[in-house]
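Using the working numbering, the first residue of the sequence shown is number 44, and each one after it goes up by one.
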Amino acid sequence: MRHIIFGGDGFVGRHLAPKLQADGEEVVVADIVKSDLPHYGKVRFVRCDVTKPDEVRAVGIKPDDMVYNLSAKMLSPIQVRAKRHEFFWPVNYHGTENIIEAMAAAGAPKLVHFTTDMIYGHTVFHPMTEDHPVAPLGEYGLSKLKTEELAAVWRDKGMNISLFRPRLIIGPGRLGILEKLFKLIDLNLPVPMIGSGKNPYQFISVFDCAEACRAAWKAGVPNEAYNLGSLNPPSVRKLLGDLIKHAGSKSILIPTPGWAVKRTLDLLDAMNMPIMDPEQYLIADEDCLLDVSKGKRDLGWVPQFRDEDMLIAAYREYRAKKEGKAVAAAHSVPAE
């Protein structure tokens, strides 16, 4: 079978492509950029901007192809409010639309597509199962929710589309918002928390995400949605406290009134000076805990990496880069 990975040069795709190639599968990576990755010696690359229908069609999808859509605009870098729609929608929604329409024209019915847990919005009940109410808090989550609605339309037309809703994906090569946290810890500065820090915080490893894609293909691409998150996540306070201890830092954790911090961040956002995206801070003190048992039941998928290990590995990578040292190989580091 041939596997086409749109956005395959990105964070999850660069781990999925060699995994499929190691299975003996033919792999095509379709992306707007090509990085210096060792598997391109055995994996074909096609330049493709998913916002352009003609470039998507030019990839040459065939009826028996297994297609993955990992292309996306993420919450980092932070966008000012007025620019969020034009930033997220061309890739997240219209890119997905272009891929599905090209698949339909080619008679290719099998798609694995990534959305986000941010389609849920505020926590109504926890742990959150896949039937939790959806009410996105911003343009990123909304753009992803609309792709799920698009998928439902095409499922009715005969497609098989597996949807994945990951928590914050971390792994080697992408620090994102964590870099701000690591800088505070390195400088022995106080680390403020939104709220008391008693709520759990859940990551998902990029390696577990790649394996979920593979598991969906192996299971025949069920027409279902699946949460992706770690097992038994610790509280924010414990997670950060363990990291500070590991770093040998003198930083202390500062609990704050969640409502007051959110209102302050709302004001900064309204003034076009955002320091976090509303979709991040509005739920930061809630019990946003994903139930991932459905993936085990349907796909045989079980996350392998712990939040504590992922965060410490991410910090080690941050330190290694800061000190100009070689970073451990991507296959051996379970965090960004």
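Glycine residues also receive a C-beta, built at the ideal position from the N, C-alpha and C atoms. All values reported here derive from a predicted model rather than from experimental measurement.
Counting along the chain, where does the alpha helix (DSSP H) carrying residue 58 start and finish? 56 to 65
Test item: CB-CB of residue 272 and residue 295 under 8 Å
no
Is the CB-CB distance between residue 253 and residue 55 below 8 Å? yes
For this session: Answer yes if the segment 312 to 325 comes into contact with the segment 141 to 157, meaning at least three C-beta pairs across the two stretches below 8 Å, and no otherwise.
Result: no
List the DSSP bridge partners of residue 362. DSSP, once it has assigned bridges, lists no residue as partnering residue 362.
Taking the CB atoms as reference points, tell me whether residue 72 and residue 142 lie closer together than 8 Å. no
For this session: Buried or exposed for residue 44, please, with buried defined as at least 16 other CB atoms from any protein chain shown within 10 angstroms of its CB.
Result: exposed
Return the Cβ separation of residue 156 and residue 204 in integer angstroms, given the expectation that the two are a contact with Cβ distance under 8 Å.
-> 6 Å
- Message: With three or more beta-carbon pairs closer than 8 Å as the criterion, would you say the segment 278 to 292 touches the segment 226 to 243?
- Response: yes
- Query: Anyone know if the C-beta pair for residue 208 and residue 270 falls short of 8 Å?
  - Reply: yes
Stretch pair the segment 160 to 169 + the segment 185 to 198: three plus CB contacts closer than 8 Å: Enough Cβ pairs lie closer than 8 Å, so yes.
Margin query: Does the contact criterion of 3 or more C-beta pairs under 8 Å hold for the segment 103 to 111 versus the segment 78 to 87?
Written below: Touching, no, given that fewer than three Cβ pairs across the two stretches are closer than 8 Å.
| Per DSSP, what kind of secondary structure is residue 127 in: helix, strand or coil? | helix
* The beta strand (DSSP E) spanning residue 268 covers which residue range? -> 268 to 271
Along the alpha helix (DSSP H) that carries residue 188, what are the first and last residues, could you check? 182 to 198
*Return the first residue and the last residue of the alpha helix (DSSP H) that residue 250 is part of.*
Element bounds for residue 250: 249 to 261.
query = Roughly how many angstroms separate the alpha carbons of residue 218 and residue 101, rounded to a whole number?
reply = 33 Å
Point to revise | Distance between beta carbons of residue 132 and residue 186, contact taken as under 8 Å | key: 5 Å
Quick check on the DSSP output: the alpha helix (DSSP H) that includes residue 289 runs from which residue to which?
279 to 290
Fill in: CB contact flag (residue 99, residue 147, <8 Å)
no
*asked:* Relative to the C-alpha of residue 436, which candidate in 352, 332, 320 and 342 has its C-alpha closest?
replied: Residue 436 lies beyond the range of the chain shown here (44 to 379); nothing can be said about it.
ask   = Three-state secondary structure (DSSP) at residue 168?
value = Here residue 168 sits in coil by DSSP.
| query | Do you know whose CA, among 317, 302 and 138, lies nearest residue 220's CA? | reply | 317
> Is it right to say residue 135 is buried, meaning 16 or more other beta carbons lie within 10 angstroms of its own, or is it exposed?
Replying inline: With a 10 Å radius around the Cβ and a threshold of 16 neighbouring Cβ atoms, residue 135 comes out buried.
Within 10 Å of its beta-carbon, does residue 322 have 16 or more other beta-carbons around it, so buried, or fewer, so exposed?
buried
Please name the residue in 362, 78, 52 and 79 whose C-alpha comes closest to that of residue 230. 362
Check your understanding: Which residues does DSSP pair with residue 212 in a beta bridge?
Key -> 247
Starting from the Cα of residue 324, find the closest Cα among 78, 57, 238 and 137 and give me that residue. Comparing Cα-Cα distances from residue 324 to each of 78, 57, 238 and 137, the minimum goes to 238.
| Close beta carbons around residue 4, own chain, < 6 Å, minus the five adjacent residues each side | Look at the range of the chain in this structure, 44 to 379, and you will see that residue 4 is not part of it.
| Going by DSSP, which residues form a beta bridge with residue 46? | 70 and 109
When the Cα atoms are used, what is the spatial distance from residue 326 to residue 257? 30 Å
How would you call residue 251, buried or exposed, if buried means at least 16 neighbouring beta carbons within 10 angstroms?
buried
Practice prompt. Give the straight-line distance between the Cα atoms of residue 91 and residue 138, rounded to the nearest whole angstrom.
Written response: Looking at the two C-alpha atoms, the distance is approximately 11 Å.
Can you say whether residue 366 is buried or exposed, counting buried as having 16 or more other CB atoms within 10 angstroms of its CB? exposed
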